[in-house]
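Student:
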Amino acid sequence: MKDKVLTILFTIYITIFMVINIIVHDKDISYTERRRLTTFPKVNINSILDASFFNKIDKYVSDQFILRDEYRSLKSFVAFNIFKNTDNNKVFILDNNAYKIEYPLKESNIDKNINKINSIINSFNKEMNVYYSIIPDKSYFLNSDKYLKLDYDYLIKLYNDSINGKYIDITAKLTIEDYYKTDPHWREENIDKIANILVSNMNNKYIKQEYKETFIGKFLGSYYNEILINLEEDDLVYLSNEILDNVKISYLENEKLSTVYNINNYNSIDPYSIYLDGATSFVEIENNKSISNKELIIFRDSYGSSIVPLMIPYYKKLTIVDIRYMKSDLISSKINYEDQDVLFLYSTLILNGNSFK
């Protein structure tokens, strides 16, 4: 009798969920996962015969399942509190700060990245000064032996031994407090000191700028989105002054945008993309109130989005390139190499990865 009751209850439970899933409208975007969700696949003879329809329908059901985020949150709770796992999806919490395991060191990726960077450097005029700097990810600051982490000194050495440029070390001036608690990125309001190091080491004059801090709203970053457990929200802040407010700026993918910050992106799937419009391949910034007559080309990843604004006051023109989205053979068609300074500014996440075009 007991088994029969359980079977009936389970059948009712499944039936209710099936009905609700049919009734509820499909979602296009998951804001917590920062991606587009699978929509119902098109049905035709070919997709049925080659089984692609059934593969897509599995993905569709998984993506559109109601209470998906609640189940993901429950999974994290069980992983951390019942099974006592040290991480979930490689994300772990230490002192109310979310980290992600970035391990192991991938020398094959590093070799490819070095070759890519050097091939770009080799296309420059000899008169151009080339610099590079490496941004450590949050695990660099871990003192615990409980979690695997990269040999950061060795990673930096591999690049220092091979890159044809001058290395600018910023690691000593950074602390874990300079990063968001729920996200891998650094806080713009904390990194003017890094802009100072970069500008000064590129033979430019650093003059302390006065900035207005504007609070956009609360922010839960990508590490939170991977585990969905209770974490203290970060503050999302941007810095501005008269110089930044009056630059001429153009974006390759967003021709209508004419400001350093795109505040509308706060309500997008990636609030961090308020800085320089997020993932964009090519940006040009002209500053007629610059401290110098120098021009700078920056090759950067997403970390660069929030520090580039703090370097604007020191250059009459900045050209920002992201070779994760732009093939290197297209760069020379967009930039006329003359006597600009060049900075390669990449995080260890990218330099140990395989994302360059």
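When the letters of the sequence shown are read in order and numbered with the working numbering, they come out as residues 1 to 357. Glycine included, every Cβ here is placed at the ideal spot set by N, Cα and C.
1) Can you name the start and end residues of the beta strand (DSSP E) that K100 belongs to?
2) Per the contact definition of three or more C-beta pairs closer than 8 angstroms, is the region 298 to 309 in contact with the region 271 to 278?
3) So within the region 64 to 115, which uninterrupted beta strand (DSSP E) runs reach at least 3 residues, ignoring any that extend past its ends?
4) Between the C-alpha atoms of Y99 and Y179, what's the straight-line distance to the nearest angstrom?
5) Consult DSSP for G278 and reduce its assignment to one of helix, strand or coil.
6) Which of the three DSSP states, helix, strand or coil, is assigned to D137?
7) Specify whether the region 221 to 230 and the region 188 to 195 touch according to this definition: at least 3 beta carbon pairs, one from each stretch, less than 8 angstroms apart.
8) As a quick exercise: from D245, I350 and F356, pick the residue whose alpha carbon is nearest that of I134.
9) Which one or two residues does DSSP pair with S250 in a beta bridge?
10) Helix, strand or coil for L310 per DSSP?
11) Cα-Cα, which of I298, I216 and R36 is closest to I263?
12) From this set, Q209, T319, K42 and K205, which residue's C-alpha is nearest Y251's C-alpha?
13) What span of residues does the beta strand (DSSP E) with V199 cover, start to end?
14) Touch check for the region 89 to 103 and the region 149 to 157: three-plus C-beta pairs under 8 angstroms?
15) Give the secondary structure of L351 by DSSP, where H, G and I count as helix, E and B as strand, and everything else as coil.
16) The alpha helix (DSSP H) spanning Y159 covers which residue range?
17) Which residue comes first and which comes last in the beta strand (DSSP E) that contains E213?
Tutor: Short version:
1) N97 to K100
2) yes
3) 91 to 94 and 97 to 100
4) 11 angstroms
5) coil
6) coil
7) no
8) I350
9) E284
10) helix
11) I216
12) T319
13) Not the beta strand (DSSP E): V199 falls in the alpha helix (DSSP H), residues D192 to N201.
14) yes
15) helix
16) Y152 to N160
17) K212 to F219
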